[in-house]
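Counted from 1, the sequence shown has number 275 at position 275 by full-length UniProt numbering; the numbering is strictly sequential.
Even glycine gets a Cβ: it sits at the ideal position worked out from N, Cα and C.
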Amino acid sequence: MARKTQSVLPSELLDSVFSFLHNDHPSLRSCAEVSHRFSELVERHIYREITVAHYESSGDLNAFSPSHISKLLADKPRLVSLVRSLRVVMVPADASRIYASDESIGRTICLFSGLTEFSLVASNTYRISWDTFHMVLQTSFVQILRLPSLESVAIKFIQHFPLRLLGYCISLKSLTLHQVEHTHLNLPLTLASIPSSTGALSRLQRLEISLTVSSDFTTMISWLISKQSPSIKNLHILRIELGPINSISLFRPLLNAEFVHSLQHLHIETGIRVTTTYKIDANSQIHRTGSPTSNEVWDLSSLHNLQSLTIAAIIMSSYSPKVHGMMDFYLLYIPLPWITQLLQKPSPPLTRLSRIVLKLAFAPKMHVFLLERIDWKPLVDTLRALSQDYALRDVEFKLMWNARRTDIDVQDIISKLQDNRHLASLIESNILTIYTSDF
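Spelled out as structure tokens, the structure:
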């Protein structure tokens, strides 16, 4: 009966079932053993996304070493046409990475001519320099960038990456540059001889930037907005992650660029750069002691089409015990004043902004009782004005806690925030939702 059932099921239905199981490789491999027909259908999903790495313990279900992937493709050449997403993971040039394996990876990855997604990734702990890659690997990388099918590229933790390589892309819709350090615009002569594409990045819709070195901001943003650079025309999604450096003002030229006028969704990871500091003494008196300057509050006036804004920020506190006759006190660090000014500053206002999400992460040692000292009124008044006069209809506060903390009652904290008279007014108007999540 089982054989008869599987033989009459249409391939489209089976393909849909296997697609649902795409991350469950053990189940997929079991399905592949049912019949030759099942095996061919399952292979589309098992090998749709693969990783090529110098080591196979990369945590990826489909991670192959250079020798393993070469043997697999030699045994089953048809698999080359099934791969749509390729991730290449590099490790430092030490005993675990042989220079020759770079060449082997390069000769292998250029075989995948139907890629839609490509990632070049190193380790957050061990950054890799582009200059150390074998020339065969560098050339294969350029060949992949030139694929008409390629729509998404991610470069992560790579040093000395030549930005001009992205000028070879012709169909790119999504670009991620995550902590790509010491970028430059120079190309080796062997790569510079390959003509770049006309209108490269002109189809880009999503851009994600996360940098840590100040000079990289200047180089990358200057390249993005330069008239000599690939022309971005209709950017819809921009995700920015501020590093630990004083990078707030460095992003201003990017937010004033002409191509952000079409931006619909903006996601900002602020870290601690935008917090205002409050001192709370032993008498429970609260005093503002420091905050970002007005120049460090971005002006989003040029984002005429912005529909959703997500801001991820952190709330922290510290305690200074009584010493040498001085009173003990707490310091509270919150991003709310910066966020409030960010929403107030645009002129004309953000008339199409309909959704705001605030992801507020609480530091592991946060003194929870200090949350009751936060003044929500300025932010609430700003949100209400945007709701009454313009398109804002949905505001979400996502409170994020360390799952290991057992000394707090998260639901009790949410209840107290919901009972705050300022926040409660937004909740009663069906504008604000408060919920929680672990991190």
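- Query: Cβ atoms of Ile144 and Phe161: under 7 Å apart, would you say?
  - Reply: In the sequence shown, counting from the first residue as 1, residue 161 sits at position 161. In the sequence shown, counting from the first residue as 1, residue 144 sits at position 144. No Cβ-Cβ contact shorter than 7 Å links Phe161 with Ile144.
- Task: Could you tell me the distance, in whole angstroms, from the CA atom of Ser70 to the CA atom of Leu79?
- Result: Mapped onto the sequence shown, residue 70 falls at position 70. Mapped onto the sequence shown, residue 79 falls at position 79. Note on geometry: alpha-carbon atoms of Ser70 and Leu79 lie some 11 Å from one another.
- Mind checking whether Tyr47 and Val89 have CB atoms under 7 Å apart? As a working mapping, residue 47 is identified with position 47 in the sequence shown. As a working mapping, residue 89 is identified with position 89 in the sequence shown. Remark: C-beta atoms of Tyr47 and Val89 do not approach each other more closely than 7 Å.
- Item | Residue environment, Ala74, which counts as buried when at least 16 other CB atoms sit within 10 Å | As a position in the sequence shown, residue 74 is number 74, starting the count at 1. It counts as exposed.
- Does the region 386-397 touch the region 329-339, meaning 3 or more C-beta pairs lie closer than 8 Å? The region 329-339 makes no contact with the region 386-397, as fewer than three CB pairs between them are under 8 Å.
- Short check: CB of Pro346 to CB of Ser301, under 7 Å? By 1-based counting over the sequence shown, the position of residue 346 is 346. By 1-based counting over the sequence shown, the position of residue 301 is 301. Contact: yes.
- Query: Considering only residues of the same chain and omitting the five flanking positions on each side of Leu303, which have a CB-CB separation below 8 Å?
  - Reply: On the sequence shown, residue 303 is found 303 positions in, with the first residue counted as 1. Excluding sequence neighbours, Leu303 sits near Leu255, Val260, His261, Leu263, Leu266, Pro346 and Leu350.
- Message: For a test of the three-state rule: what should DSSP assign to His178, helix, strand or coil?
- Response: Position 178 of the sequence shown holds residue 178. Correct three-state label for His178: strand.
- Message: Tell me the residue span of the beta strand (DSSP E) that contains Lys359.
- Response: If you number the sequence shown from 1, residue 359 lands on position 359. Taken as a continuous stretch (DSSP letters only), the beta strand (DSSP E) holding Lys359 covers Arg355 to Phe362.
- 8 Å contact criterion, which Trp376 and Asn420 should meet: CB distance rounded: Residue mapping note: residue 376 aligns to position 376 of the sequence shown, counting from 1. Residue mapping note: residue 420 aligns to position 420 of the sequence shown, counting from 1. With a Cβ gap of about 6 Å, Trp376 and Asn420 count as contacting.
- Beta-carbon proximity list for Val274, same chain, < 6 Å, skipping 5 on both sides: Along the sequence shown, one-based indexing puts residue 274 at 274. Residues of the same chain with a CB within less than 6 Å of the CB of Val274, apart from the 5 flanking positions on each side, are Pro292, Pro335 and Trp338 in chain order.
- Expressed to the nearest angstrom, what Euclidean distance is found between the alpha-carbon atoms of Glu372 and Thr277? Numbered from 1 along the sequence shown, position 372 holds the residue referred to as residue 372. Numbered from 1 along the sequence shown, position 277 holds the residue referred to as residue 277. Computed Cα separation, rounded: 15 Å.
- Task: Can you give me the Cβ contacts of Ile237 inside the same chain, cut-off strictly under 6 Å, excluding the 5 residues immediately before and after it?
- Result: Within the sequence shown, numbered from 1, the residue matching residue 237 stands at position 237. Once the five neighbours on either side are set aside, the close Cβ partners of Ile237 are Arg206 and His265.
- Do Leu150 and Ser174 have their CB atoms nearer than 7 Å? Here residue 150 corresponds to residue number 150 of the sequence shown, with the count starting at 1. Here residue 174 corresponds to residue number 174 of the sequence shown, with the count starting at 1. Going by C-beta atoms, Leu150 is not nearer than 7 Å to Ser174.
- Message: DSSP three-state label for Leu426, please.
- Response: Against the sequence shown, residue 426 aligns to sequence position 426. Of the three classes helix, strand and coil, the one that applies to Leu426 here is helix, per DSSP.
- Message: Quick check on DSSP: helix, strand or coil for Gly290?
- Response: As a first step, residue 290 must be located in the sequence shown, where it is residue number 290. Taken through DSSP and simplified to helix, strand or coil, Gly290 comes out as strand.
- Spatial neighbours of Ser358 within its chain, please: CB distance less than 6 Å, with the 5 preceding and 5 following residues excluded, ordered by chain position. Start at 1 with the first residue of the sequence shown, and residue 358 comes out as number 358. Contrary to the premise, residue 358 reads as Leu rather than Ser in this sequence. Excluding residues within five positions, the ones whose Cβ falls inside 6 Å are Ile311 and Phe397.
- Could you check the C-alpha separation between Glu181 and Arg87 for me, to the nearest Å? Position 181 of the sequence shown, counted from the start, is the residue given in the question as residue 181. Position 87 of the sequence shown, counted from the start, is the residue given in the question as residue 87. Roughly 19 Å separates the two Cα atoms.
- Message: Quick check on this structure: which residue in Leu392, Ser152 and Val395 has the alpha carbon closest to the alpha carbon of Thr176?
- Response: Within the sequence shown, residue 176 is the residue found at index 176, counting from 1. Measuring C-alpha to C-alpha distances from Thr176 to each of Leu392, Ser152 and Val395 identifies Ser152 as the nearest.
- Message: If the criterion is Cβ atoms closer than 7 Å, does the pair Ser202 and Lys233 meet it?
- Response: In the sequence shown, counting from the first residue as 1, residue 202 sits at position 202. In the sequence shown, counting from the first residue as 1, residue 233 sits at position 233. Yes, Cβ-Cβ distance for Ser202 and Lys233 is below 7 Å.
- Item | Inter-residue Cα distance where the pair is Lys365 and Asp407 | Numbered from 1 along the sequence shown, position 365 holds the residue referred to as residue 365. Numbered from 1 along the sequence shown, position 407 holds the residue referred to as residue 407. Going by the C-alpha atoms only, they are around 11 Å apart.
- Query: Taking C-alpha atoms, which residue in Phe369, Val395, Asp299 and Gln307 lies nearest to Pro348?
  - Reply: Residue mapping note: residue 348 aligns to position 348 of the sequence shown, counting from 1. Residue Asp299 is the option with its Cα nearest to Pro348.
- Consult DSSP for Tyr435 and reduce its assignment to one of helix, strand or coil. Counting from 1 along the sequence shown, the entry for residue 435 is found at position 435. DSSP places Tyr435 in strand when its eight states are reduced to three.
- Just mark His68 as buried or exposed, buried being the case when its beta carbon has 16 or more other beta carbons within 10 Å. For the purposes of this step, residue 68 is taken as residue 68 along the sequence shown, with counting starting at 1. When all chains shown are included, His68 counts as exposed.
- Message: Classify Asp281: buried if its beta carbon has 16 or more other beta carbons within 10 angstroms, exposed otherwise.
- Response: Indexing the sequence shown from 1 puts residue 281 at position 281. Exposed, because fewer than 16 other Cβ atoms sit within 10 Å of the Cβ of Asp281.
- Query: Between which two residues does the alpha helix (DSSP H) carrying Lys398 extend?
  - Reply: Within the sequence shown, numbered from 1, the residue matching residue 398 stands at position 398. Not the alpha helix (DSSP H): Lys398 falls in the beta strand (DSSP E), residues Asp394 to Trp401.
- Is DSSP giving Ser226 helix, strand or coil here? Here the question's residue 226 lines up with position 226 in the sequence shown. In the structure shown, Ser226 adopts coil according to DSSP, grouped into three states.
- Query: What does DSSP give as the partner residues of Leu250 in its beta bridges?
  - Reply: By one-based count along the sequence shown, residue 250 stands at place 250. Residue pairing by DSSP places Leu250 opposite no residue, since no beta bridge is assigned to it.
- Enclosing beta strand (DSSP E) for Val121 [first to last residue]: As a first step, residue 121 must be located in the sequence shown, where it is residue number 121. Per DSSP, the continuous beta strand (DSSP E) segment holding Val121 begins and ends at Glu117 to Val121.
- Compute the distance between the beta-carbons of Ser354 and Ala391, then report whether it is under 7 Å. Residue 354 sits at position 354 when you count from the first residue of the sequence shown. Residue 391 sits at position 391 when you count from the first residue of the sequence shown. Their beta carbons are under 7 Å apart, which means Ser354 touches Ala391 by this criterion.
- Query: Going by Cα to Cα distance, which pick from Leu224, His184 and Ser101 is closest to Ala200?
  - Reply: Mapped onto the sequence shown, residue 200 falls at position 200. Comparing Cα positions, the closest option is Leu224.
- Item | Straight-line Cα distance separating Phe112 from Ser140 | Numbered from 1 along the sequence shown, position 140 holds the residue referred to as residue 140. Numbered from 1 along the sequence shown, position 112 holds the residue referred to as residue 112. It is roughly 10 Å from the alpha-carbon of Ser140 to the alpha-carbon of Phe112.
- Message: I need the boundaries of the beta strand (DSSP E) containing Thr351, first residue and last residue.
- Response: Sequence index remark: in the sequence shown, residue 351 carries index 351 (1-based). Counting along the chain, Thr351 sits inside no beta strand (DSSP E), nor does DSSP assign it H or E at all.
- Task: Using the Cα positions of Ser437 and Ile272, report the straight-line distance between them to the nearest angstrom.
- Result: To locate residue 437, count along the sequence shown from 1; it is residue 437. To locate residue 272, count along the sequence shown from 1; it is residue 272. Answer to the nearest angstrom: the Cα atoms are 20 Å apart.
- Message: Can you tell me whether Val52 is helix, strand or coil according to DSSP?
- Response: Here residue 52 refers to the residue found at position 52 when the sequence shown is read from its first residue. Val52 falls in the strand class under three-state DSSP.
- Message: Is it buried or exposed, Ile155, if we count other Cβ atoms within 10 angstroms and call 16 or more buried?
- Response: Residue 155 sits at position 155 when you count from the first residue of the sequence shown. Of the residues assessed, Ile155 falls on the buried side of the cut-off, its CB having 16 or more other CB atoms within 10 angstroms.
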